[in-house]
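J.: Sequential numbering from 972 applies to the sequence shown in our numbering.
A virtual CB, placed ideally from N, CA and C, is assigned to each residue, including glycine.
Just dropping this structure here.
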Amino acid sequence: MPGTRTAASTRTASGRPASGRPVLTAREAAALQQLLAERAAAEGRPIPRQVVRQPNRKKPASRRPRTRAAREARAAQRKLTRRRWAKRLALGVPVLAVPALIALLLPSGAAPPTTGPPADATSLALTAQTTLLDAAGRYRQMEQQVTQRTAELATTEQALSDARAADTAARAAVGSSAADLYRASPTSRFPVLGLDATDPAGAADALTLQAVADDADERLQGAVVRADRAADAVATAEQNVAIARGALRVAEARAADALAAVRAKADGLPTDVTLTLAGLSTAVSGPQQDRNAAAQQRWQAYLSSLASAGIVPPSATELADPSTMPAGFSPALDASGQPIPGVAWAIIGSSPVTVVSSETVAAVSTALSQLGKPYVPGATGPDAYDCGGFTSSSWLLAGYALPVSPADQWAVSAAVPVEQLQVGDLVVGDGGLDVGIYLGNGEMVGSSGKDFLVEVRAVPADVRAVRVTLDLPSTPNPALTPAAGMGACGAPLPPAVVANPAWGGYANGRIPATSLCPLGVAGHRLRCDAAASYAAMSAAFAAAFGTPLCITDSYRDYAAQVAAYRAKPRLAAWPGTSNHGWALAVDLCGGINIAYSPQWTWMQANAGRFGFINPPWAQPGAEKPEPWHWEYGNFG
972 MPGTRTAAST RTASGRPASG RPVLTAREAA ALQQLLAERA AAEGRPIPRQ
1022 VVRQPNRKKP ASRRPRTRAA REARAAQRKL TRRRWAKRLA LGVPVLAVPA
1072 LIALLLPSGA APPTTGPPAD ATSLALTAQT TLLDAAGRYR QMEQQVTQRT
1122 AELATTEQAL SDARAADTAA RAAVGSSAAD LYRASPTSRF PVLGLDATDP
1172 AGAADALTLQ AVADDADERL QGAVVRADRA ADAVATAEQN VAIARGALRV
1222 AEARAADALA AVRAKADGLP TDVTLTLAGL STAVSGPQQD RNAAAQQRWQ
1272 AYLSSLASAG IVPPSATELA DPSTMPAGFS PALDASGQPI PGVAWAIIGS
1322 SPVTVVSSET VAAVSTALSQ LGKPYVPGAT GPDAYDCGGF TSSSWLLAGY
1372 ALPVSPADQW AVSAAVPVEQ LQVGDLVVGD GGLDVGIYLG NGEMVGSSGK
1422 DFLVEVRAVP ADVRAVRVTL DLPSTPNPAL TPAAGMGACG APLPPAVVAN
1472 PAWGGYANGR IPATSLCPLG VAGHRLRCDA AASYAAMSAA FAAAFGTPLC
1522 ITDSYRDYAA QVAAYRAKPR LAAWPGTSNH GWALAVDLCG GINIAYSPQW
1572 TWMQANAGRF GFINPPWAQP GAEKPEPWHW EYGNFG
């Protein structure tokens, strides 16, 4: 029996008609009709009348007569329905019809118009800056974890050292007792064996000796127990050290990954973005703004010339070896014809141009974007900087981690001859007290302790230079001698002024505690202005060394001066004459008490900015050297 035949489908598997023409819904067709009508009206053509075909409807076989009330109710229902559909069409047509209209009315291959204005260069630069800051922030978090894990490892290693010392002592005690027992005779170990029934008088002595032997046995058993516990403590300490070392390795790996992520982001910045980034600075007043702006424009013109020539700065890794330059680049040469590591030459037109690494471009552009920010001792940004914090932060946003101290930046970076200075090199001046980033034309950008802001200024005469992008030296560079009379970040020390230390009508050592201010360390007080300066100096010291100032003595009342003179008559002043009695002197520790230590050297360079000096009589080689003694003012 033949099966029932069905009509052939006019649609493809995708649901479109076989002819390939799109199928519009009633709503889309109505919207299309309206759009065509508006187009025709705009072109001045008559609007064709559309013939709407109505589907065939079967006439009902019969209708029952309706009452007037029923007819009115049905008419009201139709009116309500039309209103509802009108609202739905008004809301739905823009959503449903627009895609179909765009597809039908746009020329073939045309893309739909974009919505909203394109992102401007400043927005892109700000976004890039935010991205780098976020990435650098993650690295700093990882770096803090490394510092914490390093401290934990040091603690566990010290605990292991202590445990091993205790274990050695316990084993020695057991060994000594065991040797005594080995050498002892049976009767000395067990005196009761020497009891003689015929000698009742000797029984008491034997029993006493036996009690002593039993006590020795108990002590030996205790020593054995302590030795076992000491061995267990060593095993536990060794396990803790292994765990701490593993945690440190993980933290270091995470920090390295975070730093590599910063470098990758810096390396991937387009030249036009870094060009705009360099201009995101804070304006200052006077001639300094002209100098800042000239340096920015010079740098932006350099980047613009590279971009116009289609030159993309290579990464620092690609420029590290002059013998393996990327395609289109050649090694840069100095005046003697020797290759300059870390930079390359390219050709623009018919002239060679020096090309620095992409990381250097990011560091210099970031540095210039901070022009006008204030100078604050110990600050590392992003709102204020000192000179070391400025260079460290600028290069961190390029993916390189540097110490904060200018002297440390010199010590751990690759030194280059001053004759080979290139843009982006660190210029270290004043014997390691000052540092900036070289810009070319004899200028550098840095945070000035003299002018109290980030600025472009001339490179000092006696400087050293390091190139951050080169491999670290196998041994640190030799330490520099701080320049005499200079403070931190290019600021000269204030001139010495001899002042009378007496104040407030008080006698030396007779100042009431209510007239003094605490230093934040139990029992230590100074005159309030000296206390405020001490707090600022301690904060700056902590930024450099990680811990606040260590203090052993401050205000010394008369009774304390008498006690000090009795204890140390060769060192202490005669009671009633000590500057400690004016609450204007401190004795410091934590390395400051050792002449020429890093802490003492920092104080020599920076304490004058906070009003403290190591008086001439207390200097090394003077009549009474006291490197720990510092006074608030020069009292002659």
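Which runs of the alpha helix (DSSP H) fall wholly inside the segment 1328-1384 and span at least 4 residues, in chain order?
T.: Listed in chain order, they are 1329-1340, 1358-1367 and 1377-1383.
J.: Does DSSP classify residue 1592 as helix, strand or coil?
T.: Coil, per DSSP.
J.: To the nearest angstrom, report how far apart residue 1527 and residue 1557 are at their CA atoms.
T.: Straight-line Cα distance between these residues: approximately 10 angstroms.
J.: What would DSSP say about residue 1226, mapped onto helix, strand or coil?
T.: Helix at residue 1226.
J.: Just to confirm the assignment, what range does the beta strand (DSSP E) spanning residue 1437 have?
T.: From DSSP, the beta strand (DSSP E) with residue 1437 extends over 1434-1438.
J.: Just verifying my parser: in three-state terms, what is the DSSP assignment at residue 1457?
T.: Note: residue 1457 maps to strand in three-state DSSP.
J.: Alpha carbons only, please: which of 1223, 1240 and 1141 is nearest the one belonging to residue 1192?
T.: Selected option, being the one with the closest Cα: 1141.
J.: Below 6 angstroms CB to CB, which residues in the same chain sit around residue 1590 once its five sequence neighbours on both sides are set aside?
T.: Counting only Cβ-Cβ distances below 6 angstroms, and skipping sequence neighbours, we find nothing.
J.: In or out: residue 1132 buried (at least 16 other Cβ within 10 Å) or exposed?
T.: Flag for residue 1132 reads exposed.
J.: Distance check for residue 1096 and residue 1102, CA to CA, integer angstroms please.
T.: For residue 1102 and residue 1096, the distance between alpha carbons rounds to 10 angstroms.
J.: Could you tell me which whole beta strand (DSSP E) segments of length 3 or greater appear in the segment 1247-1322?
T.: The segment 1247-1322 contains these whole beta strand (DSSP E) runs: 1301-1304 and 1310-1319.
J.: Here's the rule I'm using: 16 or more other beta-carbon atoms within 10 Å means buried, otherwise exposed. How should residue 1246 be labelled?
T.: Flag for residue 1246 reads buried.
J.: Just grab the DSSP bridge partners of residue 1560 for me.
T.: Residue 1560 is bridged to 1521.
J.: In this structure, how does DSSP classify residue 1392 when only helix, strand and coil are distinguished?
T.: It is coil, neither helix nor strand.
J.: What residues match up with residue 1426 in a beta bridge as DSSP calls it?
T.: Per DSSP, 1417.
J.: Note down, in chain order, each residue of its chain lying with its Cβ closer than 8 angstroms to the Cβ of residue 1396, except the 5 sequence neighbours on either side.
T.: 1387, 1408, 1409, 1436, 1437, 1438 and 1439, listed in sequence order.
J.: Take residue 1205 and list the residues in its own chain whose beta-carbon comes closer than 6 angstroms to its own, dropping the five residues that flank it on each side.
T.: 1134, 1135 and 1138.
J.: Per DSSP, residue 1601 is paired with what?
T.: For residue 1601, which the question treats as bridged, DSSP gives the partners 1557.
J.: Do residue 1415 and residue 1429 have their CB atoms nearer than 9 angstroms?
T.: Contact flag set, yes.
J.: Since residue 1231 and residue 1120 are thought to touch, with beta carbons under 8 angstroms apart, how far apart are those beta carbons, to the nearest angstrom?
T.: Going by Cβ atoms, the distance from residue 1231 to residue 1120 rounds to 19 angstroms, so no, they are not a contact pair.
J.: For residue 1412, count neighbouring C-beta atoms within 10 Å of its own C-beta (all shown protein chains included) and say buried if the count is 16 or more, exposed if not.
T.: Answer is exposed; the Cβ neighbour count stays below 16.
J.: Over the uninterrupted beta strand (DSSP E) stretch that includes residue 1496, give me the two end residues.
T.: Residues 1496-1498.
J.: Would you call residue 1346 buried or exposed, if buried means 16 or more other Cβ atoms sit within 10 Å of its Cβ?
T.: Per the 10 Å Cβ criterion, buried.
J.: Going by alpha carbons, who is nearest to residue 1365 out of 1480, 1248, 1421 and 1479?
T.: Taking only the C-alpha atoms, the option nearest residue 1365 is 1248.
J.: Note down the Cα distance separating residue 1582 from residue 1576, rounded to an integer number of angstroms.
T.: Straight-line Cα distance between these residues: approximately 12 angstroms.
J.: Quick check on residue 1217: does DSSP put it in helix, strand or coil?
T.: Reduced to three states, the DSSP call for residue 1217 is helix.
J.: Beta-carbon within less than 6 angstroms of residue 1314's beta-carbon, same chain only, minus the 5 sequence neighbours each way: which residues are those?
T.: Excluding residues within five positions, the ones whose Cβ falls inside 6 angstroms are 1303, 1325, 1327 and 1393.
J.: Cα-Cα, which of 1294, 1236, 1289 and 1267 is closest to residue 1333?
T.: For residue 1333, the nearest C-alpha among the options comes from 1236.
J.: According to DSSP, what are the bridge partners of residue 1199?
T.: Paired residue(s): none; residue 1199 is not in a bridge.
J.: Does residue 1449 come out as helix, strand or coil in the three-state DSSP assignment?
T.: Residue 1449 falls in the coil class under three-state DSSP.
J.: When burial is assigned at 16 or more other CB atoms within 10 Å of the CB, is residue 1234 buried or exposed?
T.: It counts as buried.
J.: Between residue 1220 and residue 1118, what straight-line distance do the alpha-carbon atoms span, to the nearest angstrom?
T.: Spanning the two alpha carbons is a distance of roughly 12 angstroms.
J.: Thinking C-alpha only, which one of 1256, 1106, 1145 and 1518 is nearest residue 1196?
T.: Here the closest residue by C-alpha is 1145.
J.: Would you kindly check if the distance between the Cβ of residue 1370 and the Cβ of residue 1454 is under 9 angstroms?
T.: No; because the gap between Cβ atoms is not below 9 angstroms, this pair is not in contact.
J.: Answer yes or no: do residue 1368 and residue 1263 have a C-beta to C-beta separation smaller than 9 angstroms?
T.: Cβ distance not < 9 angstroms, so residue 1368 and residue 1263 don't count as in contact.
J.: Indicate the three-state DSSP secondary structure (helix, strand or coil) for residue 1397 in the structure shown.
T.: Three-state result, residue 1397: strand.
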